[in-house]
Every structure is written in C-alpha cells, then in structure tokens.
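Note sheet for the following structure.
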Amino acid sequence: MKKINLKLHHLIISVAVLAFLLTIASSLWSSYHTNTQSLQESTLETNHAYAQKLAMTANDYMKETLQTLNISAEEITAIFDDENKLLHEADRVKNQTNTFNSVAIVDAQGEVLATSPQSLDLKGKTLTSKAIKEAIIQKKPLISKPYKGITNRLLIFISVPIFAEEGSYLGLIGGTIYLKEDNVLNEVLGEHFYKDGSYVYVVDNDGRIIYHQDKSRINDVVSDNKVVSEMLENHSTGAARLINSKGKDMLAGYSYISIADWGVVAQRSTEIALEPATKMVKQMLYFALPLLLVSLIIILWASLKIARPLQQLATLTESSMKANEEKNLAQVPGWYYEVIQLKKALIQSLTFLHGQVSFFMDQSTTDPLTGLTNRRTLNERMQKWTSGNTPYSIILIDIDHFKSVNDTYGHGVGDEVLKFLALKMKKATRVNDLCCRYGGEEFIILLPNTSATEANLVAEQLRTEIERTISPTGKNITISAGIAEYPLMASEPETMIRLADQCLYEAKEQGRNRVVMAKDISIVL
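Residue numbers for the sequence shown follow UniProt numbering, so the first one is 1 and each next one is one higher.
In structure tokens, the structure reads:
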C-alpha cells in the first residue's frame, strides 16, 4: 500500500480552515445561546409582572363589587316589602356599573323578588342552584364557582346577604357574570398588551377556566398544568417554562387572586419568544461572513508560502473566541511580508467578529421599538446601585388612555406615540440617567444621586413638555407618573417599583396628567 506523504502547507491549510469554521460556529452558538437565555428570562419576567398587575386589578375590582352590593343590601333592608322599589334598586345596581350581566334580589327561601333585566322573567320563581343554596346557608358574601343557571347560561354568581335591622336574615342580592358572553372580565383583564402570540386566562380554585380570549376554552379544566396547580395549591406567584394542556411549549407568568380564590396566567409561545435569536444569527452571518471569507482566502494563499509562523497562527485561531487572542496574534514573529499581512487580516477579522458579538449582545438589552433599555438592564442597574448603597430615585411613567390611542388610530400610530415619549424622555434626562421601557405603555427613568424632590422636577418638566407638544396622533396626549426614592423610601428594588406603581395609581385616581411622590400619599406595602 502506497504511503501518503502529507505536505506541511496542506496540514496548515486544513488547520486554518477548521479553526475558522470552529470560530464561526462557536461564536454563533455562544451568541444564540446567550440571547435565547436573555429572551426567555425577559419574557418570563414580563409575563410575571403582567400577571401580578392583572391579579391586583381583578382583586381590587372584586372588592369594589362586593362593597357596591353591601351598600345596596343596606338600602334594601328598608324597602324589602316594596316590590316597585326593589325592582328600581335591582335596575340601579345593574345599570350603575357594567359589572353584572344580570342582578337578582332573593328572599330567604330562594324566591326571586326582583331582577334586572326584567326580561329574564324570573320574578316569583324559586332558585335551586347550588350557589344560591350555599349563599342562603352561609349568609355571607360569596363568589360562586361556575355553574349553569336557570337560563341555561354558564355563569358566576356574586352575592351578599340582606339582614333586617334587628339582625334577622331576609335574603340576598347578587349579580351574575355570563362567562361565555361579553362580561366585566373582558374589561378588567383586557387583551394582552402585545400582539405577539401572548394571551391571558383565569382559572377558579378547581383549575377550571373562567376567562380566556378563546371563549371555546371557557369551562375547560386545566388543573394538570404545572403552573396552575402550583398557583392554586400554594396561593403563589411566579413564572415558569412549561408544556401546556395543548402540548405547546410556553413561557408563563402567574399570580393568585386572593379575594376570589382564582388564579391568572399570562403566557407566550416559547417558539415566538425566542424567534429574535434566530434572526440575530442570520444578521451576524450577513455582516461577518463576507469579511471572514476574504480573510480565509488570504490565509489559503499565504499558507503556500509560510511554514512555522503560519502553524502558530493556526493554533491561535483555534482558540480565537478568547478576548485577548488579538494580543497573542500580534506577538507571532512576522519577519516577512506574508506573515505581516496575515497577522493584520486575522486581527481585523477577530476584532470585527467580537465586535459583532458584542453588538448583538447589546441588542438583547435594548427595547427594539423605542431604543430604550429593557427591563433586564433596569433590574441589573437597580440591583448594582442598591448593593453599592448608591442613592437614586425612580420615575414610573404611564401614557394616559393609551388603549384609546390604539383603538382610534391603530397600533402603528400607537408605536409612534411610544417612540415619541421615549425621545422626550431622553431629552429631559442627563447622560448618566437610565431611560427604560418597563412594558406596554409603561416607562421608567432611573436617576442616580437624585432625591425624590429633584426627580419630581424632572417628571414635571417631562409631563409639561408632553402635554403641550402635538403627538403622532395629531393631538396632545398626557402622562401620569409616580416617584420613589432609595434608600429614604424603600430598601429593595422590588419595593421601589411597587411604591412608584402605587403613586402612579394614585395619579390616575386623581384625574391623570399629574405626578405623585411616595412621600405625598399614605402607602401600605
């Protein structure tokens, strides 16, 4: 058998080609892996925060609903024997808010005394559902489990007892929410703020879906879903990656609604959430591959003329993912023209590739729409300042009536409004301040070494500028803001954000288009 004699330049060429391929592959894989991790964490954080916000909103709304029914029950005590006044009260409770699809006043035996709307034709009939019986027996405010009512609708019944002045039980007043029809849950929970495959659903304490954007899913039992079981068993809040009941890989955030013993889940398809990572790899190849190919041609040509110096270069190329290899390449002896040129080409190529990796890594920390930093960078900066005891203030900003902007002008104009606010934020802040898109129409400004009073001046300046400037809608818009200060008002980043969020909520309650500082209101965490 004839022995094959390999020439040195063949070996050098082979090593050089392999090294470049490994460099490209390892660079792309490292970037892809890092970006997918970042995207997954960011999506889980976003969905967790959104689920918590929805749970808090729903909890507060249910409290207000029970308070409304309690007030009505006190009024009914004095008119319990007056049929016309009971009918009027039932109509008033139904029409004063959009909470209930129907309202009923029932005596202690379950007989309907008055309803709204009266077209239900239930007056004089005795209700025998488990929810009614339970409410009569327990004689306390109740939110029922889903059941089919006398009208054959799937509903939830919310009721409070009616007592006479001497304390005897007279009956109850309650309202229904028709789960498979337009109801208050659609307005309280709304539609998820991204048009990106994300959605929200709510389950009762049996794991039965009572709200879903796909009404055909309502009444399905999903208790085997791991986040649903965790949330309902431990009354917890959190985020996790899971395979849902339909066999799809999802990134879900969840939170418990204590007053109703429900749970809310906000989730997004993992495939859609990680799609930007694939696009990033394609962009890297688009920008880096031509230069790498030119560099490789230079290497192939120079390898025919070089021996030992090229072997050194090839060995270093194999480990070119290290950040300091450019320095090692520069130290390779270059005593003739070919080696000098090859060293330059390799250094330029690796510098460019590392620059591209750094660029796209930076992209993973930036909101693609507004160009502001995203929540990941915000959390890192707040944690760093808190760990280092650096005083700072936070401004949490929300665009007033932003949903009506999207509904009236479309999401394209809505995006332009978000970019408009982002630009105004940058102009209103200093170089070392951090402007961040927190989620949807909410933004945050971090101001290091700044008191809440100083931050209030910045927020007021921004609010005034927004109010008097024509927005992309062709009209003026307004913003509301909440302010908190570390360490004077809170000792942890999460507490800071909750303080600012409550201040923002107070600004909304006071009529919007205003700024509220934590020290100006009474806050209970």
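All residues carry an ideal CB built from backbone N, CA and C; glycine is no exception.
| Check | Outcome |
| --- | --- |
| Report yes if the C-beta distance between residue 478 and residue 432 is below 7 Å; otherwise report no. | no |
| Residue ranges of each beta strand (DSSP E) run of no fewer than 3 residues wholly in the region 247–302, ordered along the chain? | 249–257 and 262–269 |
| Between the region 389–402 and the region 51–63, do three or more beta carbon pairs fall short of 8 Å? | no |
| Does residue 503 come within less than 7 Å of chain B when only Cβ atoms are used? | Checking the listed chains, one finds no chain B in this structure; it contains a single protein chain. |
| What does DSSP give as the partner residues of residue 442 in its beta bridges? | 398 and 439 |
| Have a look at 482, 439 and 405 and flag the residue whose alpha-carbon is nearest the alpha-carbon of residue 395. | 482 |
| Is it right to say residue 201 is buried, meaning 16 or more other beta carbons lie within 10 angstroms of its own, or is it exposed? | buried |
| Relative to the C-alpha of residue 208, which residue among 261, 189 and 421 is closest? | 261 |
| Where do the N-terminal and C-terminal ends of the beta strand (DSSP E) with residue 241 fall, by residue? | 238–243 |
| Which residues bound the beta strand (DSSP E) around residue 517? | 515–517 |
| Tell me whether residue 509 is buried or exposed, calling it buried when 16 or more other Cβ atoms sit within 10 Å of its Cβ. | exposed |
| Hey, is the region 122–133 in contact with the region 202–222, meaning 3+ C-beta pairs nearer than 8 Å? | no |
| In whole angstroms, give me the CA-to-CA distance for residue 257 and residue 290. | 55 Å |
| If you draw a straight line from the alpha carbon of residue 236 to that of residue 407, how long is it in whole angstroms? | 34 Å |
| Tell me the rounded alpha-carbon separation between residue 230 and residue 51. | 15 Å |
| Go ahead and label residue 322 buried or exposed: buried means 16 or more other beta carbons lie within 10 angstroms of its beta carbon, across all protein chains shown. | Confidence at residue 322 is low in this model, with a pLDDT of 48, below 50, so the placement of that residue should be treated as unreliable; the coordinate-derived value is given next. The residue is exposed, with fewer than 16 neighbouring Cβ atoms inside 10 Å. |
| From the DSSP output, in three-state form, read off residue 172 for me. | strand |
| Sorted by chain position, which residues of the same chain lie with C-beta nearer than 7 Å to residue 507's C-beta, five sequence neighbours on each side aside? | 480, 481, 482, 514, 515 and 516 |
| Does the Cβ of residue 356 have 16 or more other Cβ atoms within 10 Å, making it buried, or fewer, making it exposed? | Legend: pLDDT at residue 356 = 49, less than 50; position of this residue unreliable, value from coordinates given subsequently. With 16 or more Cβ atoms within 10 Å of its Cβ, residue 356 is classed as buried. |
| To the nearest angstrom, report how far apart residue 166 and residue 382 are at their CA atoms. | 57 Å |
| Leaving aside the five residues before and after residue 371 along the sequence, list all residues of the same chain whose C-beta is less than 7 Å from its C-beta, in chain order. | 422 |
| On a CA-only basis, which of 39, 34, 29 and 67 is nearest residue 275? Give me that one, please. | 39 |
| Using a Cβ-Cβ cut-off of 7 Å (strictly less than) and excluding sequence neighbours within five positions of residue 456, which residues of its own chain qualify? | 483, 515 and 517 |
| So the candidates are 380, 173, 496 and 375; which of them puts its Cα closest to the Cα of residue 76? | 173 |
| Locate the alpha helix (DSSP H) running through residue 121, then write down its first and last residues. | Run containing residue 121: none; DSSP gives neither H nor E here. |
| Apart from the five residues on each side of it in sequence, which residues of its chain come closer than 6 Å, Cβ to Cβ, to residue 178? | 101, 153 and 155 |
| Tell me which residues share the same chain as residue 519 and place their Cβ nearer than 6 Å to its Cβ, disregarding the 5 neighbours each side in the sequence. | none |
| In chain order, what residues of the same chain lie with their CB nearer than 6 Å to the CB of residue 103, ignoring the 5 residues before and after it? | 90, 93, 94, 116 and 175 |
| Run through DSSP, which three-state label would residue 405 get? | helix |
| Per DSSP, what kind of secondary structure is residue 493 in: helix, strand or coil? | helix |
| Reducing DSSP to helix, strand and coil, say where residue 375 ends up. | helix |
| To the nearest angstrom, report how far apart residue 430 and residue 490 are at their CA atoms. | 23 Å |
| Determine which residues share a DSSP beta bridge with residue 107 and list them. | 171 |
| Tell me the residue span of the beta strand (DSSP E) that contains residue 203. | 199–203 |
| To which residues does DSSP link residue 447 through a beta bridge? | 393 |
| Out of 81, 492 and 121, which has the shortest C-alpha to C-alpha gap to residue 107? | 81 |
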